[in-house]
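Here is the structure we will look at.
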Amino acid sequence: MIDFIPPALILLAGALLIGLTRGWVRTAVVLLTPLLTLAAVWQVPDGVVLTLDFLQYPIEPIEGSPLRRLFATIFALMAFAGGLFAYRQARWYELAAAYAYAAGAVGVSFSGDLISLFLFWELMALFSTVVVWCGGTPGARAAGIRYAIMHLLGGVILKVGIEGVMIHTGSIDVRPMLADNFDHWMILIGILINAAAPPLSAWLSDAYPESSPTGSVFLSAFTTKTAVLALILLFPGEPLLIGIGLFMVMYGIIYALLENNIRRILAFSIVNQVGFMVCAIGIGTQMAINGAAAHAFAHIIYKALLFMSAGVVVYRTGRSKCSEVGGLFRTMPLTAVCGIIGALAISGFPLTSGFTTKTMISQAAADESLVWVYFLLAAASAGVFLHAGIKFPWFVFFQRDSGLRPKDAPWNMGAAMVFFAVLCILFGVAPQLLYDYLPYPVEYEAYTASKVVFYLQLLLFSGLAFFLMLPLMRRTETISLDTDWLWRVGLARLADASLALMTRLGGGLTAGATWLGGKLGAHGRRLFGSRTLDGRRVHGVFARAWPIGTTALWIAVLLTTYVFFYYIA
Amino acid sequence: MSSANDRNDRIEPREDDAWLARPSTIRLLWRVFAVVLAVSVAAQLLFKVKGYFTADGWLGFGAVFGFLSCVAMVLFAKVMGWVLKREEKYYAEPEDD
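In the order they appear, the protein sequences are chains A and B.
Under this note's numbering, the first residue of the first sequence carries the number 181, and numbering increases by one thereafter.
Under this note's numbering, the first residue of the second sequence carries the number 40, and numbering increases by one thereafter.
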């Protein structure tokens with residue numbers, strides 16, 4: 181038996197206790213459970229720790245490895261910073277749901293078999309939907325339903341794949357595979373839906389900006405990054421992922437450039453950043469997997485920091501669009517500085533965590549002589565600076581003076597931002613702190629003069645391009661259509677059209693039937709008679725009294741015809 | 040959240056008091072930025088950029104590549120915008136209005 185408490189269970193217990201406690205006890209629960217989880221994460225040794233039997237299948241809910249511990253560590257850290265950021269502002273049920281959601285992410289990290297992985301996967305889907313709903317607006321409710329449908333669909337597809345693997349191989353181990361048969365394809369598609377890969381990525385930019393200012397911080401961290409971990413565990417080196425990743429990278433940039441909603445810009449940049457990781461997993465070398473894992477770790481921190489900064493702006497101003505804010509640096513210096521640090525980190529500026537992790541992915545592409553991948557990733561790095569690195573701080577904190585003079589962040593929100601801003605810089609200046617815990621030994625030097633000069637040129641001239649083309653990027657009060665148009669509008673229109681067609685068909689049939697019925701009725705009444713409204717009987721043709729002469733005439737005609745035919749025959 | 044709006048003391052934008060927003064500061068920042076840009080390219084003369092695929096080792100390649108990539112992406116986004124952009128109420132249900 182094991183001599184420690186499963187980390188996911190601690191967070192889950194924390195989620196339950198948040199609902200049961202009040203006041204300072206609840207605060208203690210919120211702040212301490214993630215730290216206890218973190219301690220438990222580091223107690224998990226390598227290999228399978230716990231095996232249970234479930235319907236003749238060996239369930240391995242806890243399997244340790246450096247990669248798994250790395251992801252569980254960042255999930256626990258994220259829960260702590262998110263809890264600190266949110267505990268004075270968020271409602272208790274949002275915090276409880278967020279902690280259960282984080283527990284799902286930690287659970288997935290240590291799942292040694294596909295059944296446990298699926299269970300924790302669904303736990304995340306369930307409670308992340310609650311977090312979206314905690315936005316509290318009609319928009320959040322509707323987006324939450326669309327979010328839930330998409331994730332339940334993804335879950336079903338994943339389950340189909342898992343069932344297939346169980347039946348065809350008899351093993352439920354989490355082990356590397358390639359998309360080479362139906363079962364594996366289903367698993368891959370199920371995971372890619374959570375990674376916000378095309379064509380089903382719209383759920384992310386749809387739901388995250390609708391959540392509360394605190395909820396979006398939690399949402400930004402767990403779902404897509406557990407998908408990244410699942411891809412590393414199950415599909416390392418699947419070449420298809422390179423193309424998918426590159427598409428995600430470009431998709432995120434283009435949509436973020438078109439977007440006006442502050443948090444939706446950041447949501448699109450999640451897709452963009454996860455694209456880098458998915459691409460790296462597709463490359464599949466040790467350098468690439470290290471890069472994907474390190475980048476996921478760094479990304480959770482700076483993306484949460486960006487969402488915190490945006491969350492404070494939304495919380496303090498009640499406004500969520502670039503066109504409604506601007507000039508906020510005057511009264512929100514801390515939020516602005518933390519937002520800028522997050523923006524520099526996501527852009528991969530030297531001395532930030534983005535630089536020390538993202539360049540590993542480019543290095544992996546260069547090592548494998550993937551020319552196109554290398555140059556597209558370089559272009560995308562420039563694009564990240566454009567769409568998130570400058571666009572976000574510029575439109576929110578600078579551009580024109582909106583006249584808004586909101587207060588800076590409440591102290592707990594500020595403390596959470598400072599904590600993550602420090603980590604962004606810490607892993608930028610001392611990357612070895614992170615490299616030591618990557619899945620494979622790291623022989624990578626981020627700070628060579630060559631790399632620093634190249635990336636500085638790339639990023640600084642992207643900045644120049646941004647300011648020169650500002651007139652082309654004027655904010656418009658618009659949204660951009662995505663593939664979800666197909667089911668939000670296309671399907672609805674199809675349903676309306678088929679309903680109209682059915683109604684017309686039905687109308688036609690009714691009219692036809694009425695006409696036919698009328699004709700038959702009239703004919704019947706003529707032949708068989710009827711009864712008038714006052715009860716008088718009207719005899720039909722068959723019931724009429726015929727004069728005897730007419731009968732005789734008809735008999736004569738009949739007999740003549742008979743005789744005629746008799747002679748002819 | 041409901042009280043968040045109350046906390047904004049909206050003032051009329053007048054002559055800007057913030058140092059960062061003054062035209063003189065912005066002119067200064069542009070000059071500094073120009074110098075930084077020039078230095079970033081000139082630095083390549085001192086520190087050779089090791090190109091993986093020949094071209095990326097050329098003088099100023101990162102600068103030109105970064106700049107042109109961004110121009111291309113902004114223009115492409117502009118074109119996509121004509122196709123994809125809709126008014127904000129596009130998806131709103133009639134009863135939401």
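Ideal Cβ positions, reconstructed from N, Cα and C, are used throughout, including at glycine.
### Query
Is there contact between the region 223 to 243 of chain A and the region 205 to 215 of chain A, where contact requires at least three CB pairs shorter than 8 angstroms?
Below 8 angstroms, too few C-beta pairs join the region 223 to 243 of chain A and the region 205 to 215 of chain A to call them touching: fewer than three.
### Message
By the DSSP assignment, the beta strand (DSSP E) with A/D233 in it spans what residues?
### Response
Position 53 of the first sequence, counted from the first residue, corresponds to residue 233 of chain A. Segment 227 to 234, the beta strand (DSSP E) holding A/D233.
### Query
How would you list, in chain order, the residues of chain A whose beta-carbon sits under 9 angstroms from the beta-carbon of B/L67?
Sequence index remark: in the second sequence, residue 67 of chain B carries index 28 (1-based). Within 9 angstroms Cβ-Cβ: nothing; B/L67 doesn't reach chain A, min ~15 angstroms.
### Task
Specify the secondary structure class of A/Y617 as computed by DSSP and reduced to three states.
Here residue 617 of chain A refers to the residue found at position 437 of the first sequence. Judged by DSSP in its simplified three-state form, A/Y617 adopts coil rather than helix or strand.
### Message
Can you give me the C-alpha to C-alpha distance between B/A43 and A/E274, rounded to a whole angstrom?
### Response
Along the second sequence, one-based indexing puts residue 43 of chain B at 4. Along the first sequence, one-based indexing puts residue 274 of chain A at 94. Because the pLDDT at B/A43 is just 46, under 50, the model does not fix this residue reliably, and the point stays unresolved.
### Message
Let's test the definition: count the other Cβ atoms within 10 Å of the Cβ of A/G750 and tell me whether it reaches 16, buried, or not, exposed.
### Response
This structure cannot settle anything about residue 750 of chain A, because the visible part of chain A is limited to 181 through 749.
### Query
From the beta carbon of A/M649, is the nearest beta carbon of chain B less than 7 angstroms away?
Reading the first sequence from its first residue, position 469 is the one you call residue 649 of chain A. So yes, A/M649 belongs to the interface.
### Message
Under 7 angstroms, Cβ to Cβ, is there at least one residue of chain B near A/V505?
### Response
Position 325 of the first sequence holds residue 505 of chain A. Not an interface residue.
### Task
Would you grab the beta carbon distance between A/A337 and A/M304 for me? Rounded to a whole angstrom, and I think it's under 8 angstroms.
Working through the first sequence from its first residue, we reach residue 337 of chain A at position 157. Working through the first sequence from its first residue, we reach residue 304 of chain A at position 124. The question names Ala, yet the displayed sequence has Ile at residue 337 of chain A. Rounded to whole angstroms, the Cβ separation of A/I337 and A/M304 is 16 angstroms, and the two are not in contact under 8 angstroms.
### Query
Assuming A/S582 and A/G506 make a contact with CB atoms under 8 angstroms, what is their CB distance in whole Å?
By 1-based counting over the first sequence, the position of residue 582 of chain A is 402. By 1-based counting over the first sequence, the position of residue 506 of chain A is 326. 4 angstroms between Cβ atoms; contact.
### Query
Under 7 angstroms between C-beta atoms, does B/S42 make it to chain A?
Position 3 of the second sequence holds residue 42 of chain B. With a pLDDT of only 44 at B/S42, under 50, the local geometry of the prediction cannot be trusted, and the value read off the model is given with reservation. The beta carbon of B/S42 sits no closer than 7 angstroms to any beta carbon of chain A.
### Sequence ranges, alpha helix (DSSP H) only - wholly within the region 343 to 423 of chain A, length at least 4
With a minimum length of 4 residues, the continuous alpha helix (DSSP H) runs that stay inside the region 343 to 423 of chain A are 362 to 374, 382 to 387, 395 to 399, 402 to 414.
### Query
What do you reckon, are the CB atoms on A/L671 and B/L123 nearer than 7 angstroms?
Residue 671 of chain A sits at position 491 when you count from the first residue of the first sequence. Residue 123 of chain B sits at position 84 when you count from the first residue of the second sequence. Against a cut-off of 7 angstroms, the Cβ pair of B/L123 and A/L671 comes out as no contact.
### Message
Which residue wins for smallest C-alpha separation from A/A632, given the options B/L59, B/V78, B/E127?
### Response
In the first sequence, residue 632 of chain A corresponds to position 452, counting from 1. Per the sequence shown, residue 632 of chain A should be read as Val rather than Ala. It is B/V78.
### Task
Tell me, please, whether the CB atom of B/L84 is closer than 7 angstroms to any CB atom in chain A?
Locating residue 84 of chain B in the second sequence gives position 45, where the first residue counts as 1. With 7 angstroms as the cut-off, B/L84 does not count as an interface residue toward chain A.
### Message
Would A/I146 pass as an interface residue toward chain B - the criterion being a Cβ-Cβ separation below 7 angstroms?
### Response
No answer is possible for residue 146 of chain A: the residues shown for chain A start at 181 and end at 749.
### Query
Is the region 419 to 438 of chain A close to the region 361 to 381 of chain A, with three or more CB pairs under 8 angstroms?
Counting C-beta pairs with one atom in each stretch, the region 419 to 438 of chain A and the region 361 to 381 of chain A have three or more that are closer than 8 angstroms, which means they touch.
### Query
Between the beta-carbon of A/G519 and the beta-carbon of A/I526, is there less than 7 angstroms?
Here residue 519 of chain A corresponds to residue number 339 of the first sequence, with the count starting at 1. Here residue 526 of chain A corresponds to residue number 346 of the first sequence, with the count starting at 1. No; because the gap between Cβ atoms is not below 7 angstroms, this pair is not in contact.
### Query
By the criterion of Cβ-Cβ separation under 9 angstroms, what are the contact partners of A/M653 in chain B?
Indexing the first sequence from 1 puts residue 653 of chain A at position 473. Result: V113, A116, K117.
### Query
So which of A/F300, A/L739, A/G720 has the shortest CA-CA distance to A/L192?
Looking up residue 192 of chain A in the first sequence gives position 12. The shortest Cα separation from A/L192 among A/F300, A/L739, A/G720 belongs to A/F300.
### Query
Cβ of A/I342 less than 7 angstroms from any chain B Cβ?
Sequence index remark: in the first sequence, residue 342 of chain A carries index 162 (1-based). With 7 angstroms as the cut-off, A/I342 does not count as an interface residue toward chain B.
### Query
Between the region 84 to 95 of chain B and the region 545 to 554 of chain A, are three or more C-beta pairs nearer than 8 angstroms?
Judged by Cβ distances under 8 angstroms, the region 84 to 95 of chain B makes contact with the region 545 to 554 of chain A, as three or more pairs qualify.
### Message
Along the chain, where does the alpha helix (DSSP H) containing A/T741 start, and where does it finish?
### Response
As a first step, residue 741 of chain A must be located in the first sequence, where it is residue number 561. 728 to 748 is the extent of the alpha helix (DSSP H) around A/T741.
### Message
Rounding to the nearest angstrom, what Cα-Cα distance links A/L648 and B/A73 in this structure?
### Response
As a working mapping, residue 648 of chain A is identified with position 468 in the first sequence. As a working mapping, residue 73 of chain B is identified with position 34 in the second sequence. C-alpha separation (whole angstroms): 13 angstroms.
### Query
What does DSSP give as the partner residues of A/R202 in its beta bridges?
The residue labelled residue 202 of chain A in the question sits at position 22 within the first sequence. A/R202 is not bridged to any residue.
### Message
So for B/D56, helix, strand or coil by DSSP?
### Response
Locating residue 56 of chain B in the second sequence gives position 17, where the first residue counts as 1. It is coil, neither helix nor strand.
### Task
Pull out every residue of the region 93 to 108 of chain B whose Cβ sits closer than 9 angstroms to any Cβ of chain A, in chain order.
If the cut-off is 9 angstroms between Cβ atoms, the region 93 to 108 of chain B has A94, D95, G96, G99, F100, G101, A102, V103, F104, G105, F106, L107, S108 near chain A.
#### Entry: Same chain, Cβ closer than 7 angstroms to B/T64, neighbours up to 5 away in sequence not counted
On the second sequence, position 25 is the one that residue 64 of chain B refers to. Taken in chain order, the residues that qualify are W58.
### Task
From the DSSP output, read off the bridge partner residues of A/D293.
As a first step, residue 293 of chain A must be located in the first sequence, where it is residue number 113. Its beta-bridge partners are A/D353.
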